[in-house]
Ligand code: C5P
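Below is the structure:
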C-alpha cells in the first residue's frame, strides 16, 4: 500500500465539537482518522469537510450492505466526498461489490477512494459463525479467505479482517491486496466487545497494511502518547515482517 502503514484513529464520538476538541487538545494534527456510523449519521458530510480542511486522511467506515443498485448510487454519492477509503460488507455478494466499484468510478471526479470489504467483524468468533450465522463446517479463517478472494475478483482493493487471518490472506490474495485490521489492543488492555484482537506489533509482523485503533487511544489518559506508542510498535512489526530471516 502506498500510504506508509497508517494507523487510523477511530473517532467514535457522537458530535463534531467533541471530535475537533479531542484532536486539537491532544495535538493529533493531520493523523489519519476513521469516521464511523455514530458520527456520520449525526453530522453528515460536514464532518468530512472539517477533517479534510485540517489535512486528516479519512477512512469513511459506513459498511454498506444493500441491493446492488442502492449500493451503486450510495457509492456514487460518497465518492464526491473525496475520502481516502470507503467500505462495504463482502456478505452483500459479488454483484453488490461490482456495483459499488462502478458507483465509485461514476462519482469520482478527482480522487477515487480505495474500496475495502469487511469479511467477518472482529467482534465475531467461531461460536457465532456456526451458532448464529449458520456458517457450519468452516473455520473463521476459511470464511474470511473465501470473502477476500470473492472481493478481489469483484473490483475491491482490499479487506478488513483480524490480524489472525492476515498471513493466510497474503497467501491467497498476494501482497498488493490491502489488509486493514481493527481489533487492535495493547497487550494488557481490556478487549471490550472485540473478540479477535492483536497488538500493534503483531499486526505489523503479520503483514497488516494499516490498523484501526479506537478506545485504546480515545479513552487513554494521554491519547497523543498512546497514538505515538501504538504507531511505533506497529512500524516495528512491519519492519520485522519485511526483514528476511536467515
Ligand atoms: O475501540 P476499538 O479499537 O475496538 O474500535 C475499532 C473500530 O473499528 C470501531 O470504530 C469499529 O466500528 C471498527 N471496526 C471493527 N471491525 C471491523 C470493521 C470496523 O472493529 N471489522
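In my numbering, the protein residues as written are 26 to 271. Yeah, the Cβ is synthetic: ideal placement off N, Cα and C, and Gly gets one too. Only a predicted model underlies this, so the values are computations on that prediction, with no experimental measurement involved.
Cutting at 6 Å between CB atoms, please list the residues of its own chain near residue i, excluding the five before and the five after it.
i           : result
residue 26  : With a pLDDT of 48 at residue 26, under the threshold of 50, the modelled position of this residue cannot be trusted; read the value that follows with caution. Result list for residue 26: 203, 234, in chain order.
residue 256 : 32
residue 13  : In the structure displayed, the chain extends from 26 to 271; residue 13 sits before or after that span and is not available.
residue 170 : 193, 197
residue 186 : 144, 169
residue 195 : 232
residue 93  : 120, 121, 124
residue 237 : 33, 35, 59, 207
residue 248 : 51, 242
Alpha carbon to alpha carbon, what distance is there between residue j and residue i?
i           : j           : result
residue 61  : residue 44  : 12 Å
residue 146 : residue 213 : 22 Å
residue 262 : residue 85  : 26 Å
residue 226 : residue 190 : 15 Å
residue 107 : residue 138 : 7 Å
residue 198 : residue 177 : 7 Å
residue 50  : residue 164 : 44 Å
residue 132 : residue 52  : 34 Å
residue 246 : residue 161 : 42 Å
residue 134 : residue 42  : 30 Å
residue 110 : residue 152 : 30 Å
residue 211 : residue 67  : 30 Å
residue 97  : residue 250 : 40 Å
If I'm right that residue i touches residue j with Cβ under 8 Å, what's the distance once you round it to whole angstroms?
i           : j           : result
residue 181 : residue 122 : 5 Å
residue 144 : residue 115 : 6 Å
residue 154 : residue 168 : 6 Å
residue 254 : residue 229 : That pair is no contact at about 13 Å.
residue 173 : residue 128 : The pair is not a contact, with the Cβ atoms about 21 Å apart (cut-off 8 Å).
Here's a check: name, in chain order, each residue in its chain whose Cβ is nearer than 7 Å to the Cβ of residue i, leaving out the five neighbours to either side.
i           : result
residue 80  : 55
residue 36  : 44, 58, 59, 60, 64
residue 179 : 119, 122, 123
Check each candidate in the options and name the one with the smallest Cα separation from residue i.
i           : options            : result
residue 231 : 153, 72, 268       : 268
residue 243 : 158, 48, 113       : 48
residue 142 : 118, 131, 163      : 118
residue 69  : 57, 222, 87, 206   : 87
residue 216 : 229, 174, 240      : 240
residue 221 : 104, 188, 105, 101 : 188
residue 103 : 91, 125, 92, 152   : 125
residue 260 : 248, 224, 135      : 224
residue 40  : 156, 252, 72       : 72
Considering only residues of the same chain and omitting the five flanking positions on each side of residue i, which have a CB-CB separation below 8 Å?
i          : result
residue 38 : 44, 47, 63, 64, 243
Beta strand (DSSP E) segments (min. 3 residues) lying fully within the stretch 120-196 = Inside the stretch 120-196, DSSP marks whole beta strand (DSSP E) runs of 3 or more residues at positions 139-143, 183-185, from first to last along the chain.
ask   = What residue ranges within the stretch 59-84 form continuous alpha helix (DSSP H) runs of no fewer than 4 residues, ordered along the chain?
value = Restricting attention to alpha helix (DSSP H) runs no shorter than 4 residues, the stretch 59-84 encloses them at 62-68, 70-78, ordered along the chain.
request  = Could you tell me which uninterrupted beta strand (DSSP E) segments, each at least 3 residues in length, are contained entirely in the stretch 94-124, listed from first to last along the chain?
outcome  = Listed in chain order, they are 110-114.
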